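Asks:
Protein chains in written order, with my numbering: chain A, 968 to 1131; chain B, 1346 to 2048.
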């Protein structure tokens, strides 16, 4: 039997250091403005700190650092995307700090291109695929992988600790 | 033992309650196999535990009820309202029996209950009273249970023929209900007694549906060696008649001698006695001539007991304990946490708006919420006792499997812990026990060779220590060989070859992932996933494990656990812009100190109250880069018996911290045990002082 149904999926696009990324909306819980953040000592750089999300403590990842972009000052457009990840079978909420949130768009599964591994500065196994929108390529992130990759979970006690 | 019996009574009451509930549901949907199964299961549990704690009457009664439901379950019997009624009556009876088992009135009720149940299991369901007349008129023979009088006097030398008169008595009991009167009148004095001879004889009142022939068959093999008389006393079952039973036991009813004449006279006497009983049954005889005694008797009994029952219920009235679904407790706990957080906001607001009245209200609410918090905590505490049973079971089964002899001792099982901790500590303890059994305790031969007791000993000891509970699992096995561990760790590349380790550090190697000292991997433990998981599980609930061991003397694992997970009393301090909370239970004292003084000290220690105290500056340790205020605070905390100082910018307040986990992202960060939300909505970090000191010390030695 030929499966010719086309699945339409929704994605949230956001920009980071001039590039556009997108995450499946099913993974996105909400978008927050940057609030007062408590830095946690002795944690790796990309873990920006924790915030109070209506009574629960939400860890916030500095996506810029995680993706190897230089750190910049927060602007009015800086947002926290609250994502629901699955870590070791448990659902975990994590905030991801991004430069700007653009839009929610729909796309057919057919239009998603496979990731290119050569010449890409991001690990291809973190990218689900590429979408061409207008003249730009948007990178679809496998958020479960990006934010829960082993490397990310281990709080390394390196010399470069967070400075508060 | 009394404690156990009390616990059993509590449990049994719960079981009976659920039994009643199931029965009531069963009435509306009699074909529901799940409900029947449920009733059967409850009966079974009741029976088993009753027998275990010596409630024999209850055990017997439930056994019979269980039989009914077994039959229903197997489709041999249809469930009727009658059966449900009887079961409900019985459950009432069981409740009363739990209060006092040897009350004679209750015994009568038990007797009638037994009768009713027997009727059902024998296939004759007692129908409603109106129908009684018809049914008994027509099927009189089937419902009959005539009563017989049997005199059984074995010859003196019956034992010599290889017979045992007890077999006959047993067989008779199998035929129906019996009342046996044993006679010792012919037993001679001690000097004349021949132990190989039988001197006793028996009078048996038997009620059975079987024929006289069946009774005679019982004595088939001893016929020639005994004196036997069988007389039919009545067409009805006399053994349900309390008056008759009472009379049988009285002195007047004693048979004078085991001779034919005496027996005939005796039967005559009994018949006369039965005639005197008749009037009480006369009225009912008109309605249903035959087995009337059975039917009327219970009714009379019920009437007598009924009023007493109601007064008794009132006395029991005050329920001592209530079982609550755990999710309700969790809910309450959450609400209390919310209250405590909101309380903090109110405090903050009160400070900002200096209104005396508001201050008073706020302080009052704070006091109440603190008390509420404490009582809620108390509710959530469960004694370790609850989980010890499964440990006993585990040790027993494993010891058997491994051919080891183990004595398992549990101490301090009343020590209570938060239920969430109890839930999560069970597996680690199981694992440690398995470990002790498998790797610790040697085989009996090995132990003997070492001059130890053949039986190994494992002790589980739980006790309080400050705001912590310690659970110590110790064995007297072969102990841990430090050199072996070290060699292994080097071999596996876990530590460098020239590493100098303290004893504690050496033992802690066991907890490294992928470390397993067992030469061969056994079924029981040692798949290499063990100890690191144990350590992690315990760390997840803010606990710690310590190992002490001596070769050939034994090993002990001490699990240190916080009393509760969710709310702690702490001191709110500030370093730079960040708020931290130091658990109050560890804090000794706070001192003011000039920042200048701290910069010029030697070897990181200051003299406070005449004592030299090592300290750590949190500003430096946490890489907080801004300028320190001129006057700082040094907080001395207890660390394994010594005092250690923490330097902070300022002490803000005492604070009730509702612990919120930082989440999986920070799971490897052990110096912070969690976050808490302050009145203004910012997050403060709760410091695990012990872990922090360990961490800082490590940095110090490495630098």
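Don't be surprised by glycine CBs; every beta carbon is placed ideally from N, CA and C.
Just so it is clear, the structure is predicted and the values come from calculations on it, not from any experiment.
1. Could you please give the first and the last residue of the uninterrupted beta strand (DSSP E) stretch that includes residue 1936/B?
2. I need the straight-line Cα distance from residue 1859/B to residue 1824/B, nearest angstrom please.
3. Which residues, in order along the region 1936-1969 of chain B, keep a beta-carbon less than 7 Å from a beta-carbon of chain A?
4. Just to confirm my understanding: we take residue 1912/B, look at its own chain, exclude 5 residues before and 5 after, and list those with CB closer than 8 Å. What are they?
5. Tell me, please, which residues DSSP counts as bridged to residue 1447/B.
6. Is residue 1482/B buried or exposed, if buried means 16 or more other CB atoms sit within 10 Å of its CB?
7. Find the nearest neighbour of residue 2030/B within the set 1978/B, 2039/B, 1927/B, judged by alpha-carbon distance.
8. Run through DSSP, which three-state label would residue 1780/B get?
9. How far does the beta strand (DSSP E) with residue 1579/B in it extend, from its first residue to its last?
10. For residue 1813/B, which residues of its own chain have a beta-carbon under 8 Å away from its beta-carbon, when the five flanking residues on both sides are left out?
11. Which residues in the same chain have their Cβ closer than 7 Å to the Cβ of residue 1522/B, if we skip the five residues on either side of it in sequence?
12. Taking C-beta pairs closer than 8 Å, name the residues in chain B that residue 1019/A reaches, listed in chain order.
13. Rounded to the nearest angstrom, what separates residue 2016/B and residue 1711/B at their Cα positions?
14. 9 Å is my cut-off, CB to CB: does residue 1132/A come that close to chain B?
15. Look at the alpha carbon of residue 1094/A and the alpha carbon of residue 992/A, and state the distance between them as a whole number of angstroms.
16. Output the distance between the C-alpha atoms of residue 1768/B and residue 1883/B, rounded to the nearest integer angstrom.
17. Just reading off the beta strand (DSSP E) that residue 1902/B is part of, what are its end residues?
18. Is residue 1809/B helix, strand or coil when you go by DSSP?
19. Need the endpoints of the alpha helix (DSSP H) that residue 1677/B sits in, please.
20. If you measure between the beta carbons of residue 1618/B and residue 1496/B, is that distance less than 9 Å?
21. 9 Å is my cut-off, CB to CB: does residue 960/A come that close to chain B?
22. Just checking my contact of residue 1371/B with residue 1380/B at CB under 8 Å: how many whole Å lie between their CB atoms?
23. Give the straight-line distance between the Cα atoms of residue 1101/A and residue 1047/A, rounded to the nearest whole angstrom.
24. At 8 Å on the CB atoms, spell out the chain A contacts of residue 1882/B, in chain order.
25. Out of 1023/A, 1021/A, 985/A, 1010/A, which has the shortest C-alpha to C-alpha gap to residue 1037/A?
26. For residue 1543/B and residue 1592/B, I'd like the C-alpha separation in whole angstroms.
27. At what residues does the alpha helix (DSSP H) containing residue 1515/B begin and finish?
28. Could you name the residues of the region 1062-1082 of chain A whose beta carbon sits closer than 8 Å to any beta carbon of chain B, in the order they occur along the chain?
29. Check whether the Cβ of residue 984/A lies closer than 9 Å to any Cβ atom in chain B.
30. For residue 1959/B, which residues does DSSP report across the bridge?
31. Is the beta carbon of residue 1887/B sitting closer than 9 Å to the one on residue 2013/B?
32. Just checking my contact of residue 1822/B with residue 1796/B at CB under 8 Å: how many whole Å lie between their CB atoms?
33. Using a Cβ-Cβ distance cut-off of 9 Å, determine whether residue 1022/A contacts chain B.
34. Between 1835/B, 2022/B, 1362/B, 2021/B, which lies nearest to residue 1668/B when the distance is taken from Cα to Cα?
35. State the start and end residues of the unbroken beta strand (DSSP E) segment that holds residue 1924/B.
36. Kindly list, in the order they appear in chain A, the residues whose Cβ is closer than 7 Å to that of residue 2017/B.
Replies: If we stick to the structure as given:
1. Unbroken beta strand (DSSP E) run through residue 1936/B: 1932-1939.
2. Their Cα atoms are separated by approximately 20 Å.
3. The residues in question are 1967, 1968, 1969.
4. Around residue 1912/B, the same chain offers 1681, 1682, 1685, 1718, 1722, 2001, 2002, 2003, 2004 as residues with beta carbons nearer than 8 Å, after the five sequence neighbours per side are excluded.
5. Residue 1447/B is not bridged to any residue.
6. Low confidence applies here, because residue 1482/B scores a pLDDT of 35, under 50, leaving its location unreliable; read the following figure in that light. Counting Cβ neighbours within 10 Å, residue 1482/B comes out exposed, since fewer than 16 surround it.
7. Comparing Cα positions, the closest option is 1927/B.
8. It is helical.
9. Unbroken beta strand (DSSP E) run through residue 1579/B: 1571-1579.
10. Once the five neighbours on either side are set aside, the close Cβ partners of residue 1813/B are 1905, 1906, 1907, 1908.
11. Residues 1552, 1584 of the same chain have their beta carbon placed closer than 7 Å to that of residue 1522/B, with the five preceding and five following residues left out of the count.
12. For residue 1019/A, the chain B residues whose C-beta falls within less than 8 Å of its own C-beta are 2022, 2026, 2027, 2028, listed in chain order.
13. Separation of residue 2016/B and residue 1711/B (C-alpha to C-alpha, rounded to the nearest whole angstrom) is 29 Å.
14. Lying before the first or after the last residue shown, residue 1132/A is absent from chain A, which here runs from 968 to 1131.
15. Between the alpha carbons of residue 1094/A and residue 992/A lies a gap of roughly 15 Å.
16. So the two alpha carbons sit approximately 11 Å from each other.
17. Element bounds for residue 1902/B: 1899-1907.
18. In the displayed model, residue 1809/B falls within a strand according to three-state DSSP.
19. Counting along the chain, the alpha helix (DSSP H) containing residue 1677/B begins and ends at 1671-1697.
20. Going by C-beta atoms, residue 1618/B is not nearer than 9 Å to residue 1496/B.
21. With chain A represented from 968 up to 1131, any question about residue 960/A goes unanswered, as that position is not in the structure.
22. About 5 Å; that satisfies the 8 Å criterion.
23. Take the alpha-carbon of residue 1101/A and the one of residue 1047/A: they are about 26 Å apart.
24. Residues of chain A whose Cβ lies closer than 8 Å to the Cβ of residue 1882/B do not exist; the shortest such Cβ separation is about 13 Å.
25. Nearest C-alpha to residue 1037/A: 985/A.
26. Within the model, the alpha-carbon separation for residue 1543/B versus residue 1592/B is close to 27 Å.
27. Counting along the chain, the alpha helix (DSSP H) containing residue 1515/B begins and ends at 1510-1520.
28. Listed by position along the chain: nothing, the set is empty.
29. Not flagged as an interface residue toward chain B: residue 984/A, since no C-beta distance is shorter than 9 Å.
30. In the DSSP output, where bridge partners are listed per residue, residue 1959/B has 1950/B.
31. Not a contact, by the Cβ cut-off of 9 Å.
32. Between residue 1796/B and residue 1822/B the Cβ distance is about 14 Å, and since that is not below 8 Å, they are no contact.
33. Output row for residue 1022/A: interface = yes.
34. Among 1835/B, 2022/B, 1362/B, 2021/B, the Cα nearest to that of residue 1668/B is on 1362/B.
35. Per DSSP, residue 1924/B is one residue of the beta strand (DSSP E) stretching across 1923-1928.
36. Within chain A, the C-beta atoms nearer than 7 Å to that of residue 2017/B come from 1007, in chain order.
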